[in-house]
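Note that my numbering has the sequence shown beginning at 33, numbered continuously upward.
We put the beta carbon where it would ideally sit given N, CA and C, even for glycine.
Quick notes on the structure that follows.
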Amino acid sequence: MWNDDMKDLALRCGSDGAKAWTDWRWQIRHSVRSIGTFERVLDIRLEDDERAALEQTLKTFPLCVTPYYLSLIDREDFRNDPVFKQSFPSVHELDISKDDISDPLSEDKDSPAPGITHRYPDRVLFHVSNLCSMYCRHCTRKRKVGDKDSVPDRASLAEGIDYIRRTPQVRDVLLSGGDPLMLSDDHIEWLLKELRAIPHVEIIRIGTRMPVVLPYRITDELTAMLKKYHPIWVNTHFNHPRELSKSARRALARLADAGIPLGNQTVLLAGVNDCPRIMRKLVQKLVQSRVRPYYMYQCDLSEGLSHFRTPVSKGLEIMECLIGHTSGLAVPTYVIDAPGGGGKIPVMPQYAISWATHKVVLRNFEGVITSYKEPDSYEPINCDRDCDKCQLTLKLDGAVERPLIGIEKLLADSDDAITLVPADNARYQRRSQTDEAATDDPEDGRGSLG
33 MWNDDMKDLA
43 LRCGSDGAKA
53 WTDWRWQIRH
63 SVRSIGTFER
73 VLDIRLEDDE
83 RAALEQTLKT
93 FPLCVTPYYL
103 SLIDREDFRN
113 DPVFKQSFPS
123 VHELDISKDD
133 ISDPLSEDKD
143 SPAPGITHRY
153 PDRVLFHVSN
163 LCSMYCRHCT
173 RKRKVGDKDS
183 VPDRASLAEG
193 IDYIRRTPQV
203 RDVLLSGGDP
213 LMLSDDHIEW
223 LLKELRAIPH
233 VEIIRIGTRM
243 PVVLPYRITD
253 ELTAMLKKYH
263 PIWVNTHFNH
273 PRELSKSARR
283 ALARLADAGI
293 PLGNQTVLLA
303 GVNDCPRIMR
313 KLVQKLVQSR
323 VRPYYMYQCD
333 LSEGLSHFRT
343 PVSKGLEIME
353 CLIGHTSGLA
363 VPTYVIDAPG
373 GGGKIPVMPQ
383 YAISWATHKV
393 VLRNFEGVIT
403 SYKEPDSYEP
413 INCDRDCDKC
423 QLTLKLDGAV
433 ERPLIGIEKL
443 LADSDDAITL
453 VPADNARYQR
463 RSQTDEAATD
473 DPEDGRGSLG
């Protein structure tokens, strides 16, 4: 573990002992924040004109990377190294295309209280920190991360907690940032205690990249504290098999042994992991470490990420090479987080080829085509949303009905809607000029739901 290469790198970072190296606070204090230090620590040399161009990038998107994460870089081939590409700036980050968006997911617009993004019906994202131990070059929140002037204080966090307390439909809270584990154990415990005291909060999740970029943060003290507030879930962010070092696997084992379910959210990145073999090895190694591959994200339309983005077809190719070719437990859901705040939209290969009245024609991962016989007679139970009178034996204690939205509204027997119409649909606006009721009457079923 404490090999000669690591000792050499530790010396250049200011430590000659393994104890300091594995102290996460030491790692934070000695994070590399300049190109010159990056060169010195890795013992590499950039050309003067390249260094000057990169300095311009740092004026907009700062540099911060832990000594630990630097130690994973292959110095003999650093320009092609996946860790290097995720941690070191690129001049292409200043190539802002017309399609790039500062806040591509409209998180700020969907923020009803400080730190809260409430997009989905029963869950909220709670931004509890703007700081990270490493600034990932592909970060979707590059507009926020590293902004020391806007780190949430307890007063603003209390406002977010109060919103959750006042919103009974919220059953799932995701602590995000930045990185929540940049906070002290005491601060994290205060948050967890406040949230756990809210009766309708069933699940608390923590989104963190610490197991990837600073696994020493996952201490016995931290895991012992987290155990007190179960059910706690942790989602992390491994993008390449090379990131699953011994230290990273040890951190994951510590969390899993504490009874914390683990998930992983990978971002598809050009030049890093846009390869079926790399992605298959990554998900298999994750499952081996008791981490469930959760999502594979299409890279967002954040400013300065165009050089990382792949075509959606590349993601579908990778999914074709995962589904059926490895355990279903190792297959993530490929999603596009919709620009404008539409949420995560699954994008998957098509396996249903055709339908007839009583048959569905399917194909499998090998290309074998088969048919599934549907029942000759199926008597559906007409659902009028009156659960107290339902014939099904499943009685849902405490079930809460909510308004029907989206495709669910069209599928429901209890609603007369036959069409969903965007608010700015020109054709329906023309109709409204001659028949106002066609768009304004909520009972009409053809009115605007945008």
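Query, Result
"So the alpha helix (DSSP H) residue 80 belongs to, where does it begin and stop?", "80-92"
"With 16 other CB atoms within 10 Å as the buried threshold, where does residue 42 fall?", "buried"
"Given this structure, state the Cα-to-Cα distance separating residue 125 from residue 143, to the nearest angstrom.", "27 angstroms"
"What's the C-alpha gap between residue 297 and residue 452?", "32 angstroms"
"Around the Cβ of residue 247, are there at least 16 other Cβ atoms within 10 angstroms (buried) or fewer (exposed)?", "buried"
"Among 406, 382, 400, 81, which has the Cα closest to the Cα of residue 392?", "406"
"Taking residue 305 as the reference, which of 82, 112, 107, 95 has the closest Cα?", "112"
"Suppose the cutoff is 8 angstroms on Cβ atoms and the five residues either side in sequence are ignored; what does the same chain contact list for residue 216 look like?", "none"
"Could you pull out every residue in the same chain whose Cβ sits closer than 8 angstroms to the Cβ of residue 434, ignoring the five residues on either side in sequence?", "153, 201"
"Helix, strand or coil: which one does DSSP assign to residue 370?", "strand"
"Going by DSSP, what residue range makes up the beta strand (DSSP E) through residue 375?", "375-378"
"Short check: CB of residue 318 to CB of residue 325, under 7 angstroms?", "yes"
"Report buried or exposed for residue 88, applying the criterion of at least 16 other Cβ atoms within 10 angstroms of its Cβ.", "exposed"
"Give the DSSP-derived three-state secondary structure of residue 279 in the structure shown.", "helix"
"Rounded to the nearest angstrom, how far is the Cβ of residue 2 from that of residue 233, given a contact under 8 angstroms?", "Only positions 33 to 482 of the chain appear in this structure, which leaves residue 2 out of reach."
"Do you know offhand how far residue 46's Cα is from residue 218's?", "28 angstroms"
"Sorry if obvious, but does the Cβ on residue 286 come closer than 6 angstroms to a heavy atom of the ligand NAP?", "Of the ligands one can find in the structure shown there are none, so the ligand NAP has no counterpart to examine."
"In three-state DSSP terms, what is residue 441?", "helix"
"When burial is assigned at 16 or more other CB atoms within 10 Å of the CB, is residue 357 buried or exposed?", "exposed"
"Which residue marks the beginning of the beta strand (DSSP E) containing residue 207, and which one marks its end?", "204-208"
"For residue 288, I'd like the list of residues in its chain whose CB is within less than 7 angstroms of its CB, leaving aside the five on either flank, ordered along the chain.", "294, 322"
"DSSP state of residue 464, grouped into three classes?", "helix"
"Verify whether the separation of the beta carbon atoms of residue 93 and residue 105 is less than 7 angstroms.", "no"
"So residue 320 is in the alpha helix (DSSP H); what residue range does that whole segment cover?", "308-320"
"Going by DSSP, what residue range makes up the beta strand (DSSP E) through residue 268?", "264-268"
"Within the continuous alpha helix (DSSP H) that includes residue 59, where are the two ends?", "56-61"
"Per DSSP, what are the beta-bridge partners of residue 324 in this structure?", "295"
"Could you compute how far the alpha carbon of residue 290 sits from the alpha carbon of residue 255?", "6 angstroms"
"Look at the Cβ atom of residue 363, then the Cβ atom of residue 329, and state whether they are nearer than 7 angstroms.", "no"
"Any chance the stretch 393-412 sits against the stretch 163-173, with 3 or more Cβ pairs inside 8 angstroms?", "no"
"Taking 7 angstroms as the cut-off, decide whether the C-beta atoms of residue 56 and residue 249 are in contact.", "yes"
"Three-state secondary structure (DSSP) at residue 44?", "helix"
"Between residue 266 and residue 240, which are expected to be in contact by the criterion C-beta below 8 angstroms, what is the C-beta distance as a whole number of angstroms?", "7 angstroms"
"Does residue 288 come out as helix, strand or coil in the three-state DSSP assignment?", "helix"
"Looking only at DSSP bridge pairs, what is residue 157 linked to?", "149, 206"
"Select from 273, 107, 413 the residue whose C-alpha is nearest the C-alpha of residue 316.", "273"
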